[in-house]
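Trainee: Numbering (full-length UniProt numbering), first residue to last: 1 to 569. Ideal Cβ placement from N, Cα and C applies to all residues, glycine included. First the structure, then my questions, so here it is.
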Amino acid sequence: MAWQPIDDFDFLTPKEFLAKNVEFPSPFMPINNLDFLTLKEFRLRALTSQILEKPNWWQKVHDGTIIAKWRKEFVEQDAEMVKSMWRVRTQEDINAAIAEAGDDGDVDWQEFRRKRWPRDPLNEVQLDYVFDNLRWLAEQRDANTGIEATGIDRVYQSLGLIPSNLKAALISGASVLESVPEAEKDWHPGSNNQSLVKKDDGTLYVPTEQEYMEQRPDIKPNWGRFLPVSTQHQWLPTDFDVSLTGAVTSLGYINNLHPDLHKPLATTITSILQCFIPLWDHVLSATLSPERLVIRPDPYGWYSHLSGQEPDYDDYKNGNGIHDHQAFQLAYNKYMHEEKWPLIPDPPPFTPPPVEGEVQFTLKGRKTQVIVKMANIVLTPENPKYEGGSWHVEGMENERIVSTGLYYYHSSNISESKLGFRNAVGDGDMGMDIPYEQSDKPGLLGCELGTVVTKEDKCLAFPNIYQHRVAPFELVDPTVTILSTSKVPPQQHEWYFREIGKAPSLTGLPLELFDMITDKLVGETDGRGGMITLEQAEEEREKLMVERADFRVEHNKKVFEMEFNMCEH
Numbered sequence: 001m002a003w004q005p006i007d008d009f010d011f012l013t014p015k016e017f018l019a020k021n022v023e024f025p026s027p028f029m030p031i032n033n034l035d036f037l038t039l040k041e042f043r044l045r046a047l048t049s050q051i052l053e054k055p056n057w058w059q060k061v062h063d064g065t066i067i068a069k070w071r072k073e074f075v076e077q078d079a080e081m082v083k084s085m086w087r088v089r090t091q092e093d094i095n096a097a098i099a100e101a102g103d104d105g106d107v108d109w110q111e112f113r114r115k116r117w118p119r120d121p122l123n124e125v126q127l128d129y130v131f132d133n134l135r136w137l138a139e140q141r142d143a144n145t146g147i148e149a150t151g152i153d154r155v156y157q158s159l160g161l162i163p164s165n166l167k168a169a170l171i172s173g174a175s176v177l178e179s180v181p182e183a184e185k186d187w188h189p190g191s192n193n194q195s196l197v198k199k200d201d202g203t204l205y206v207p208t209e210q211e212y213m214e215q216r217p218d219i220k221p222n223w224g225r226f227l228p229v230s231t232q233h234q235w236l237p238t239d240f241d242v243s244l245t246g247a248v249t250s251l252g253y254i255n256n257l258h259p260d261l262h263k264p265l266a267t268t269i270t271s272i273l274q275c276f277i278p279l280w281d282h283v284l285s286a287t288l289s290p291e292r293l294v295i296r297p298d299p300y301g302w303y304s305h306l307s308g309q310e311p312d313y314d315d316y317k318n319g320n321g322i323h324d325h326q327a328f329q330l331a332y333n334k335y336m337h338e339e340k341w342p343l344i345p346d347p348p349p350f351t352p353p354p355v356e357g358e359v360q361f362t363l364k365g366r367k368t369q370v371i372v373k374m375a376n377i378v379l380t381p382e383n384p385k386y387e388g389g390s391w392h393v394e395g396m397e398n399e400r401i402v403s404t405g406l407y408y409y410h411s412s413n414i415s416e417s418k419l420g421f422r423n424a425v426g427d428g429d430m431g432m433d434i435p436y437e438q439s440d441k442p443g444l445l446g447c448e449l450g451t452v453v454t455k456e457d458k459c460l461a462f463p464n465i466y467q468h469r470v471a472p473f474e475l476v477d478p479t480v481t482i483l484s485t486s487k488v489p490p491q492q493h494e495w496y497f498r499e500i501g502k503a504p505s506l507t508g509l510p511l512e513l514f515d516m517i518t519d520k521l522v523g524e525t526d527g528r529g530g531m532i533t534l535e536q537a538e539e540e541r542e543k544l545m546v547e548r549a550d551f552r553v554e555h556n557k558k559v560f561e562m563e564f565n566m567c568e569h
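And the structure:
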């Protein structure tokens, strides 16, 4: 989706901005984004990310001795990266890749030839930019909340956002959910008994499409033909009121957390969400603002600096006039891997980003909808490795998720974990504005942005226009209201069964009659009973997982992994 016009929002007060109609970009619309991230800028961001993960980095970037040491280490490590990535692939490399794949495996040749690092070595101009930028980021860091930028645009983090008392309360409340027999533990489908769901999957089971659409006037009747809208399931958010001072009040129950049995945990979650408001404000403001690329090369002059010519097959013939294919292939590989590379300029001297076009968005003074999830990744000696998830965004179009917030409240006995991000680039449906050479091979419209280290106590927030891996809870678009727990009554059969037993008019009924009444309230296969049992909920979750998995593959193909349109000319 193209960015909405935002010039009118420049320099508005929060109150004036709230009065404007804001529309957040959707990850499900055709991508109109030609801001390609070059490998050289990717390197600058990767180096920046390494420094941002160091303790007290905001102080160390002002220490000349430490900076000199880091610069030396970066140059040495970069030389190894260039050597590793840009050597010519020999026949021995090809044979090794085939052997590693085995008899039943296929070699991903596109991945085999892929370059993830710039060919030219790191220089002083690039290092100057990195550390000048870091010193500016240190000035922008919020010392009170610990909120700071990451090496990835629009992604923010903090290691000091959640007070220790809230963390302890969350761990205590979560332990209650975990204290169930092994046979009753709710492992996420397809997770190899590694992803333990503790009270997430706040799913609204939709009885009929007509009933759902009547409650969602924001969804046009024909959207399902063009956009990924589900009329079968919807994650069920909770409404929260955010005051002008940032105080958060829950307006409904959190799905799958019993209002009485889990009241302390629900209160704790509300307090944690209050801490996340300023973090989300940073992300949403950046999402509505233009992306600031440091390096913008001229794509029409990729190879204008080259003096040599690409080898011509007809020039490689032996004395009998027969083509020498092997000699040509060696010369061609040498040219493609050693001589031909695009001309990418160095970054200009660092200057603070201009305020023109920047948007200051806030959740304060709004009703905010949040989908709450809690989950653990559990590794054991018998099952010690987590393979990671697939690239995806959260939800579907009807859930209107605009940002995800993660709180890593406990982590132990694991190797370093990272969360990867990528976005989609392209020119909408036309495929006409991306210059290329006739011989260029198609590539995917997915641009990897880098990774962020995840560790205990870190809070992380990022926009849903980026694909990512894991999301304990997501923020719903504050400009659109979807069905939530404020309107949808609890669907859990056991909750009703527990409360009905307290009704004075039912306490004297024979057991058989009481069972008939409760059975009548249980949802049938069409869901019209209004309630579903645990078994039915698990069945619906399986259906949802299949629906979302199929959609994820299709969404990747159509948006994040779409191939460039190569016109013949």
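Is it buried or exposed for residue 323, if we count other Cβ within 10 angstroms and need 16 for buried?
Mentor: exposed
Trainee: Tell me which same chain residues have a C-beta within less than 6 Å of the C-beta of residue 391, skipping the five on either side of it?
Mentor: 467
Trainee: Start and end of the beta strand (DSSP E) containing residue 82?
Mentor: Per DSSP, residue 82 belongs to no beta strand (DSSP E); it is in the alpha helix (DSSP H), 64–85.
Trainee: Take the Cβ of residue 150 as the centre, count every other Cβ of all protein chains shown within 10 Å, and call the residue buried at 16 or more, exposed below.
Mentor: buried
Trainee: Leaving out five residues on either side along the sequence, give the residues of the same chain with a beta carbon under 8 Å from the beta carbon of residue 509.
Mentor: 517
Trainee: Output the boundary residues of the beta strand (DSSP E) element that contains residue 367.
Mentor: Residue 367 -> beta strand (DSSP E) spans 366–372.
Trainee: Check whether the stretch 140–157 and the stretch 275–292 are in contact - that is, three or more C-beta pairs closer than 8 Å.
Mentor: yes
Trainee: Find the nearest neighbour of residue 296 within the set 169, 102 and 347, judged by alpha-carbon distance.
Mentor: 347
Trainee: Ignore the nearest five residues each way along the sequence and tell me which others in residue 335's own chain have a CB closer than 8 Å to its CB.
Mentor: 308, 310 and 311
Trainee: For residue 529, which three-state DSSP category applies?
Mentor: Confidence in residue 529 is poor, its pLDDT being 47 and thus under 50, which makes the residue's placement too unreliable to answer from.
Trainee: Apply the 10 Å Cβ neighbour rule to residue 65 and answer buried if 16 or more other Cβ atoms are within range, or exposed otherwise.
Mentor: Exposed, because fewer than 16 other Cβ atoms sit within 10 Å of the Cβ of residue 65.
Trainee: On the three-state DSSP scale, how would you describe residue 407?
Mentor: strand
Trainee: In the DSSP assignment, find the unbroken beta strand (DSSP E) run with residue 616 in it and report its ends.
Mentor: Residue 616 lies beyond the residue range present for the chain, which begins at 1 and ends at 569; the question has no answer from this structure.
Trainee: Among 399, 411, 119 and 280, whose alpha-carbon lies nearest the alpha-carbon of residue 231?
Mentor: It is 399 whose Cα lies nearest to the Cα of residue 231.
Trainee: Indicate the three-state DSSP secondary structure (helix, strand or coil) for residue 278 in the structure shown.
Mentor: helix
Trainee: Smallest Cα separation from residue 124: which of 57, 72 and 301?
Mentor: 72
Trainee: Which ranges does the beta strand (DSSP E) cover as unbroken runs of at least 3 residues, wholly within the stretch 223–263, from first to last along the chain?
Mentor: 233–235, 238–242 and 248–250
Trainee: Check whether the Cβ of residue 355 lies closer than 8 Å to any heavy atom of the ligand MG, and answer yes or no.
Mentor: The ligand MG is not part of this structure, which contains no ligands at all.
Trainee: Is it a yes or a no for the stretch 264–284 touching the stretch 358–375, going by three-plus beta-carbon pairs under 8 Å?
Mentor: yes
Trainee: Tell me the rounded alpha-carbon separation between residue 350 and residue 134.
Mentor: The straight-line gap from Cα to Cα measures roughly 10 Å.
Trainee: For residue 573, I'd like the list of residues in its chain whose CB is within less than 6 Å of its CB, leaving aside the five on either flank, ordered along the chain.
Mentor: The chain is shown only over 1 to 569; residue 573 falls outside these bounds and no answer can be derived.
Trainee: If contacts are defined as beta-carbon pairs under 8 Å, then residue 140 and residue 44 qualify, I think. What distance do you get, rounded to the angstrom?
Mentor: Not really, about 17 Å apart at Cβ, beyond 8 Å.
Trainee: Roughly how many angstroms lie between the CA atoms of residue 408 and residue 107, to the nearest whole one?
Mentor: 36 Å
Trainee: Taking the alpha carbon of residue 418 as the reference point, which residue from 449, 396, 35 and 511 has its own alpha carbon closest?
Mentor: 449
Trainee: Taking only three categories from DSSP, how would you classify residue 449?
Mentor: strand
Trainee: Taking the alpha-carbon positions, what's the residue 424 to residue 235 distance?
Mentor: Looking at the two C-alpha atoms, the distance is approximately 24 Å.
Trainee: Which word fits residue 426, buried or exposed, when buried means at least 16 other C-beta atoms lie within 10 angstroms of its C-beta?
Mentor: buried
Trainee: Based on Cα-Cα distance, which residue from 170, 78, 515 and 244 lies nearest to residue 361?
Mentor: 244
Trainee: Got a sec, what are the start and stop residues for the beta strand (DSSP E) residue 156 sits in?
Mentor: 156–158
Trainee: Identify the continuous beta strand (DSSP E) that holds residue 328 and give its terminal residues.
Mentor: Careful: residue 328 lies outside any beta strand (DSSP E), inside the alpha helix (DSSP H) at 325–334.
Trainee: Work out the CA separation of residue 82 and residue 246 for me, nearest whole Å.
Mentor: 48 Å
Trainee: What whole-angstrom Cβ distance do residue 266 and residue 254 have, given they're in contact under 8 Å?
Mentor: 5 Å
Trainee: Considering only residues of the same chain and omitting the five flanking positions on each side of residue 410, which have a CB-CB separation below 7 Å?
Mentor: 171 and 456
Trainee: Can the beta-carbon of residue 101 be found closer than 9 Å to that of residue 282?
Mentor: no
Trainee: Given that a residue counts as buried once 16 or more other Cβ atoms are within 10 Å of its Cβ, and exposed if not, what is residue 233?
Mentor: Classification for residue 233: buried.
Trainee: Does the distance from the CB of residue 257 to the CB of residue 405 come in under 9 Å?
Mentor: no
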